[in-house]
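Let me begin by presenting the structure, written as structure tokens, before commenting on it.
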Amino acid sequence: MSTRIATDRAPGVAATKTGEFAPSLQLSVDHDLCPGCGEPLALRLVLELIEELGHAHNAICVVGIGCYTALGSSIGVDMIQALHGRAPSLATGAKRMRPATLLFTLQGDGDMVNEGLQEVIHTAARGENVTCVLLNNGVFGETGGHMTATSVLGQRTKNTLEGRDAARHGHPISLAEMLAPLGGAAYVARGSVHDAPNIVRTKNMLRRAFEAQLAGEGFSLVEILTMCPTGWFVPTAKGPGYLDEVIGAVHRIGEIKARTR
Amino acid sequence: MSVVTRGTVVIAEERCKGCELCVPACPPRVLAMSERRNAIGARVPDLMPGCTGCGACLLVCPDFCFEVYQYDEAVVHGDAR
Amino acid sequence: MKRRLMEGSEAIAEAAIAAGCKFFAGYPMTPFTELLEHFAAKLPTAGGACVNAESELEAIGMAWGAAATGARAATGSTGQGLALMQESLSELVRAELPLVVFNMARGQFDYFQATRGGGHGDYRLVVLAPIDVAEAVDLTQRAFEIAERWRNPVLIYGDYLLAHTAEAVDVRALDLTTHANEWRADGTGRARGGPRHVSSIGMQPGAKGIDAEVFWKRLAAKHEQIAASEARFEAEHCDDAELLVVAFGSLARFARHAVRELRREGVRAGYFRPVTLWPFPSEALARAAGGVKRVAVLEQNAGQMIDDVRLAVLGRAPVVAIGGISTDAHGFGIGRFFDPEQVRARIEGALPERHVA
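Chains as they are written, first to last, in the working numbering: chain A, 3 to 263; chain U, -19 to 61; chain G, 401 to 757.
Quick look at the structure:
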């Protein structure tokens, strides 16, 4: 039997701090997103990367509308709030005026793949030097967990309580694969945040996307599968497993397109 | 039985929401949910000896509850601290 | 620059560029298309960017993003395209962003759309309605300054005739105030004292949640201030007029011409033209209508501006409609009654002595 170690204070022996509560570009850690939500994990990655790439002085985030919108006020760089689905067009206009800025969007699947599908396709086709970050949890979280264009067959949601059925609700869209063939798309990848190794891999995908942008290679998309235990009707501890086995079985993790440099 | 501990964490228990994601994320399995509850009623995790300071808990916590330290020298824990 | 013969679309594009416009996005639709063509040809040389947007919704989105960085930006369309932009327009008001939006309208059928709007919530756009190419050149430049001063979109109501009529104009840059735009989210916020967030939902950096009521009340108070200070109008021969003719935009040119002609013949007609459709120059119109026997509204639609005229006149005199629906076979708003003799006949038909009381 082990005795617990006190965790309410810094260590009493000589030690080096290797991890801060939150990135320095995060203005607040107080948020009301559900227990077990994967979206804050993605936020941490982008905020750490902006700093690591030396762009804290010149970065813009365009935020869509979804649960993650609440995290927008925590973003410690310039931020432009967009309407549902419209972040890619705002990103286009802003980047054209500020081409040296590191500019990325933060959007959910309902936002990017439902409402704003045409916007992200056109922005990718035009090869705008922006990075679109898709937080994909297969539901419209903010309205209570409804079906989106990425919800997988069989997935139970608030308006597909018996599970998404192809005959009634159609088939899911895997956005990353849809954008990759476009000539203007330079880097397209899908990662996830359901465990530490995947979080690390996803950060590398984001880094490559940002680097492609800064090198002027064109459009980049990093789709990040995030847990939504509330929307998936599972206990928080089962969220990562559900992501891996149900969502990840349809929306496959990996780098889909990268220009060789 | 003795356990080598190479690091530790500080946990901001007041903002923990009891999601338990840190427990399976910890490679040496030194985090376990306790029966202690914070002000919002969430059960919070306990840390046992054996932490390596890897930071996996920090990565997976949606509420930014973890600060991670690596000891300059490993500490050996017996049955009592 | 000297006076040069230019169609309205070209003159407007030149005026916008003279005012420092650096971004334009648009989608082709008659009679707005040429405005996009001119911006596409001229903006890059002037150090700006013009994007051929894939939809009107994306056009206003792009202009929104550009404006949020503090750049002078514009977009536009005709009525149908403006209809697609309504949500964005109302949100731009709440984002407190300066943006100039052109409705090169099919006639005067979009007065309600321009002044009431189809977006959600309490919001107002400043609406400027030029009478001719020269005034369009002037108002386009002022629009950028007004938009920045109030941090509110400004709509310019043009039409087919304005777009395609060529007049000799001198597009000279007006000497207007420049604004610091400290609110801009151009990426450099941290270097200027803290991240800048441009949000139409009222979020503040570092703060959780929003207080919608406080936010919307503040915007409403701002619109009251705009209403109290930005109304513009043109009026002639009102003092002893028996009939006051009210008209806006291209059609007003014919009304003004007819009133001047009738005056030379001794007819006591007056002319009043709102230059701002919002804020509608109600007080000035009420004063102009003070002693008249009848107010005649000449507009090319089923009756839209007449509502605002009736509100302003408030019973001081009877208000009659002497315009109506008049357009070409395609519906582009090339009204057949845009003719000096037809307009004069309509005005004469409204003169008090011609009617049984």
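No residue lacks a Cβ here, since even glycine has one placed at the ideal position from N, Cα and C. Since the model is a prediction, treat every value here as computed from it, not as a measurement.
Can you look up residue i in the DSSP assignment and give me helix, strand or coil?
{"i": "I226/A", "result": "strand"}
{"i": "G593/G", "result": "coil"}
{"i": "K259/A", "result": "strand"}
{"i": "C41/U", "result": "coil"}
{"i": "C63/A", "result": "strand"}
{"i": "A188/A", "result": "strand"}
{"i": "I123/A", "result": "helix"}
{"i": "I21/A", "result": "The question names Ile, but residue 21/A is Gly in the sequence shown. Reduced to three states, the DSSP call for G21/A is strand."}
{"i": "P674/G", "result": "strand"}
{"i": "P29/U", "result": "coil"}
{"i": "F654/G", "result": "helix"}
{"i": "T(-12)/U", "result": "strand"}
{"i": "F502/G", "result": "strand"}
{"i": "G408/G", "result": "helix"}
{"i": "G241/A", "result": "helix"}
{"i": "V195/A", "result": "coil"}
{"i": "L457/G", "result": "helix"}
{"i": "D113/A", "result": "helix"}
{"i": "Y560/G", "result": "helix"}
{"i": "N452/G", "result": "strand"}
{"i": "A483/G", "result": "helix"}
{"i": "I531/G", "result": "coil"}
{"i": "R694/G", "result": "strand"}
Taking the beta carbon of residue i as the centre, do at least 16 other beta carbons fall within 10 Å, making it buried, or is it exposed?
{"i": "K402/G", "result": "exposed"}
{"i": "K608/G", "result": "exposed"}
{"i": "R100/A", "result": "buried"}
{"i": "S(-18)/U", "result": "exposed"}
{"i": "G594/G", "result": "exposed"}
{"i": "M406/G", "result": "buried"}
{"i": "D708/G", "result": "buried"}
{"i": "Q704/G", "result": "buried"}
{"i": "P553/G", "result": "buried"}
{"i": "A102/A", "result": "exposed"}
{"i": "S650/G", "result": "buried"}
Work out the CA separation of residue j and residue i for me, nearest whole Å.
{"i": "W678/G", "j": "S629/G", "result": "11 Å"}
{"i": "A718/G", "j": "S682/G", "result": "Here residue 718/G is Pro; the residue named in the question, Ala, does not match the sequence. Spanning the two alpha carbons is a distance of roughly 16 Å."}
{"i": "E225/A", "j": "M603/G", "result": "26 Å"}
{"i": "Q50/U", "j": "T20/A", "result": "7 Å"}
{"i": "R261/A", "j": "Q83/A", "result": "30 Å"}
{"i": "S76/A", "j": "Y70/A", "result": "10 Å"}
{"i": "R6/A", "j": "T125/A", "result": "53 Å"}
{"i": "S455/G", "j": "G140/A", "result": "27 Å"}
{"i": "A127/A", "j": "A187/A", "result": "7 Å"}
{"i": "G691/G", "j": "A419/G", "result": "41 Å"}
{"i": "K622/G", "j": "A72/A", "result": "26 Å"}
{"i": "M3/A", "j": "C31/U", "result": "The predicted position of M3/A is uncertain, since its pLDDT is 48 and thus under 50; a value taken from the coordinates is nonetheless stated next. When rounded, the distance between both Cα atoms is 16 Å."}
{"i": "T238/A", "j": "E41/A", "result": "14 Å"}
{"i": "C63/A", "j": "L51/A", "result": "13 Å"}
{"i": "G479/G", "j": "V248/A", "result": "46 Å"}
{"i": "R9/U", "j": "Q486/G", "result": "55 Å"}
{"i": "G38/A", "j": "P42/U", "result": "6 Å"}
{"i": "A686/G", "j": "E665/G", "result": "26 Å"}
Can you tell me where the beta strand (DSSP E) holding residue i begins and where it ends?
{"i": "A474/G", "result": "473 to 477"}
{"i": "L528/G", "result": "526 to 528"}
{"i": "V48/U", "result": "46 to 57"}
{"i": "Q704/G", "result": "Taken as a continuous stretch (DSSP letters only), Q704/G belongs to no beta strand (DSSP E), as it is neither H nor E."}
{"i": "M603/G", "result": "Unbroken run through M603/G: none, as it is neither H nor E."}
Assuming residue i is part of the alpha helix (DSSP H), what are its boundary residues?
{"i": "C134/A", "result": "Premise fails: C134/A lies in the beta strand (DSSP E), 133 to 138, not in any alpha helix (DSSP H)."}
{"i": "N161/A", "result": "Looking at the DSSP string, N161/A is not in any alpha helix (DSSP H), and its letter there is neither H nor E."}
{"i": "I7/A", "result": "I7/A -> no alpha helix (DSSP H), and no H or E assigned at all."}
{"i": "T2/U", "result": "Here residue 2/U is Cys; the residue named in the question, Thr, does not match the sequence. Per DSSP, C2/U belongs to the alpha helix (DSSP H) from 2 to 5."}
{"i": "Y427/G", "result": "Where Y427/G is concerned, there is no enclosing alpha helix (DSSP H), given that its DSSP letter is neither H nor E."}
{"i": "A12/U", "result": "Note, A12/U: premise wrong, no alpha helix (DSSP H); beta strand (DSSP E) at 11 to 17."}
{"i": "I762/G", "result": "The structure shown does not extend to residue 762/G, since chain G is modelled only from 401 to 757, so the question has no answer here."}
Taking 8 Å as the CB-CB cut-off, is residue i touching chain C?
{"i": "P8/U", "result": "Checking the listed chains, one finds no chain C in this structure; the protein chains it contains are A, U and G."}
How about residue i: is its Cβ closer than 7 Å to a heavy atom in the ligand NAP?
{"i": "A686/G", "result": "Here there are no bound small molecules, and the ligand NAP is not part of this structure."}
- Task: Check distances from the C-beta atoms of the segment 550 to 581 of chain G to those of chain A and list, in chain order, the residues that come in under 7 Å.
- Result: Closer than 7 Å at the C-beta level to chain A, one finds no residue of the segment 550 to 581 of chain G.
- Item | Residues of the segment 16 to 46 of chain A with Cβ closer than 8 Å to any Cβ of chain G, in chain order | For the segment 16 to 46 of chain A, residues whose beta-carbon sits nearer than 8 Å to a beta-carbon of chain G comprise L29, S30, D32, H33, D34.
- Message: Residues of the segment 608 to 621 of chain G in Cβ contact with chain A at a cutoff of 7 Å, in chain order, please.
- Response: Residues K608.
- Query: At a Cβ cut of 7 Å, what residues of the segment 584 to 611 of chain G count as close to chain A, listed as they run along the chain?
  - Reply: Answer set for the segment 584 to 611 of chain G: A585, D586, G587, T588, G589, R590, A591, P595, R596, H597, V598, S599, S600, I601, M603, Q604, P605, G606, A607, K608.
- Of all the residues that make up the segment 456 to 476 of chain G, which are near chain A by a beta-carbon distance shorter than 9 Å? Listed in chain order, the positions of the segment 456 to 476 of chain G with a beta carbon within less than 9 Å of a beta carbon of chain A are L457, E458, A459, I460, G461, M462, A463, W464, G465, A466, A467, A468, T469, G470, A471, A473.
- Query: If contact means a Cβ-Cβ distance below 8 Å, which residues of the segment 183 to 203 of chain A contact chain U?
  - Reply: Here the close residues are V195, D197, A198, I201, V202.
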